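S.K.: I'd like to ask you about the structure that follows.
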Amino acid sequence: MNKWYIIGIIYIVVASIACILIYNSLKPKTLGQIYKDGYELFDYNIGIIEDNMNDITITTEEEKWVRLKDLNLDDEKLKATYNLIVDDIKTCYLMSTDLENKIFDNPKILSFRDKTNYTYDDIKKLNQNKNCLENFDKYNSLNISENPELENRIRAQIKIIINNQSKKADLKEFKDALYYELNIINKIASLSNWLKVEYDTYRE
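The sequence shown begins at 1 in the working numbering and counts up one residue at a time.
Shown next as structure tokens:
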């Protein structure tokens with residue numbers, strides 16, 4: 001085979017690779033690439049929630065995480081409290097992951113992952129999102145258990161894990177919105193870990 005032909009082929013291959021590299025270097029990065037660490041932490045916490053909740057709850061064809069699987073527990077108030085926590089965890093989870101807007105149509109940080117930019121209006125709408133951690137304020141006064149000592153322990157543990165700040169931050173940049181949402185989902189992941197430990201105590 002003619003050596004000039006081979007050299008020509010090599011030049012074409014090298015030029016093609018160079019063009020691809022130049023194209024990729026000029027191609028705008030997505031927000032998921034720019035904030036890779038934040039999104040990876042988000043995925044990690046979502047995975048924790050899903051693993052825990054799939055393990056301890058019943059899911060039907062119509063609904064995810066309907067209630068806890070059977071518990072060896074006579075305290076009906078406590079059982080109802082645990083199932084209420086399941087609902088609140090599911091609400092926070094869906095407010096972050098329901099990208100098809102089947103239940104919650106709020107703007108979601110995950111929906112920006114493949115976008116290359118955002119607008120002031122996007123940040124404004126993210127600012128208007130409800131902080132789902134507010135749902136856990138009710139446990140400060142809820143009749144949690146028939147056992148007062150157990151009730152106080154669970155109330156204190158929920159408060160420590162959630163530690164909700166009543167005043168919502170005024171988000172200015174996309175990074176602020178991402179890490180604000182990440183803080184919420186991290187707390188929900190921690191709460192799901194705690195709920196699994198509680199559930200395993202009474203698992204049949």
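All C-beta atoms, glycine included, are put in the ideal place defined by N, C-alpha and C.
Owing to the predicted nature of the structure, the values given are computational and were not obtained by experimental measurement.
(1) Figure out for me which residue from K77, N72, T57 and N83 has the closest Cα to the Cα of E146.
(2) For L182 versus Y118, is the C-beta spacing smaller than 8 Å?
(3) Taking three-plus beta-carbon pairs below 8 Å as touching, is the segment 136-153 in contact with the segment 53-69?
(4) Take F104 and list the residues in its own chain whose beta-carbon comes closer than 7 Å to its own, dropping the five residues that flank it on each side.
(5) Measuring straight from C-alpha to C-alpha, what distance separates K125 and T201?
(6) Please classify I185: does DSSP put it in a helix, a strand, or coil?
(7) What are the start and end residues of each continuous alpha helix (DSSP H) run of 4 or more residues lying completely inside the segment 43-102, in chain order?
(8) Reducing DSSP to helix, strand and coil, say where R203 ends up.
(9) How long is the line joining the alpha carbons of E134 and L71, rounded to whole angstroms?
(10) Helix, strand or coil, according to DSSP, for Y23 in the structure here?
(11) Within the continuous alpha helix (DSSP H) that includes N127, where are the two ends?
(12) Let me know if T81 comes out buried or exposed under the rule of 16 or more other beta-carbons within 10 Å of its beta-carbon.
(13) Tell me the residue span of the alpha helix (DSSP H) that contains P148.
(14) Rounded to whole angstroms, what is the Cα-Cα separation between F42 and I185?
(15) If you draw a straight line from the C-alpha of N216 to the C-alpha of I158, how long is it?
(16) Taking K187 and I160 to be in contact with their CB atoms under 8 Å, please state how far apart those CB atoms are, rounded to whole angstroms.
(17) State the Cα-Cα distance for the pair N83 and R67, rounded to the nearest angstrom.
(18) With a 10 Å radius around its C-beta and 16 neighbouring C-beta atoms as the bar for buried, classify R39 as buried or exposed.
M.R.: Based on what the coordinates show:
(1) Taking the first residue of the sequence shown as position 1, residue 146 is located at position 146. Closest by alpha carbon: K77.
(2) Within the sequence shown, residue 182 is the residue found at index 182, counting from 1. Within the sequence shown, residue 118 is the residue found at index 118, counting from 1. No, Cβ-Cβ distance for L182 and Y118 is not below 8 Å.
(3) Judged by Cβ distances under 8 Å, the segment 136-153 makes no contact with the segment 53-69, as fewer than three pairs qualify.
(4) Position 104 of the sequence shown, counting from 1, holds the residue named residue 104. Taking F104 as the centre and dropping the five residues before and after it, the same chain places the C-beta of L94, M95 and D98 closer than 7 Å to its C-beta, in chain order.
(5) Numbered from 1 along the sequence shown, position 125 holds the residue referred to as residue 125. Numbered from 1 along the sequence shown, position 201 holds the residue referred to as residue 201. One C-alpha to the other measures close to 42 Å.
(6) For the purposes of this step, residue 185 is taken as the residue at position 185 of the sequence shown. Residue state, collapsed to three classes: helix.
(7) Whole alpha helix (DSSP H) segments, 4+ residues: 76-97.
(8) Stepping through the sequence shown from its first residue, residue 203 is reached at position 203. Strand, per DSSP.
(9) In the sequence shown, counting from the first residue as 1, residue 134 sits at position 134. In the sequence shown, counting from the first residue as 1, residue 71 sits at position 71. If you take the alpha carbons of E134 and L71, they lie about 27 Å apart.
(10) Stepping through the sequence shown from its first residue, residue 23 is reached at position 23. Bear in mind that the predicted position of Y23 carries a pLDDT of just 49, short of 50, making it too unreliable to give a figure here.
(11) Along the sequence shown, read from residue 1 onward, the residue named residue 127 stands at position 127. Unbroken alpha helix (DSSP H) run through N127: Y120 to N127.
(12) On the sequence shown, residue 81 is found 81 positions in, with the first residue counted as 1. By the neighbour-count rule (16 or more Cβ atoms within 10 Å), T81 is buried.
(13) Counting from 1 along the sequence shown, the entry for residue 148 is found at position 148. Counting along the chain, the alpha helix (DSSP H) containing P148 begins and ends at P148 to I162.
(14) Your numbering for residue 42 matches position 42 in the sequence shown. Your numbering for residue 185 matches position 185 in the sequence shown. When rounded, the distance between both Cα atoms is 7 Å.
(15) Any question about residue 216 goes unanswered here, given that the chain covers just 1 to 204.
(16) Residue 187 sits at position 187 when you count from the first residue of the sequence shown. Residue 160 sits at position 160 when you count from the first residue of the sequence shown. K187 to I160, Cβ: 10 Å. No contact.
(17) Here the question's residue 83 lines up with position 83 in the sequence shown. Here the question's residue 67 lines up with position 67 in the sequence shown. Each residue's Cα considered, the two are about 6 Å apart.
(18) As a first step, residue 39 must be located in the sequence shown, where it is residue number 39. First, the amino acid is wrong: residue 39 is Tyr here, not Arg. A buried status is given to Y39, since no fewer than 16 other beta-carbon atoms sit within 10 Å of its beta-carbon.
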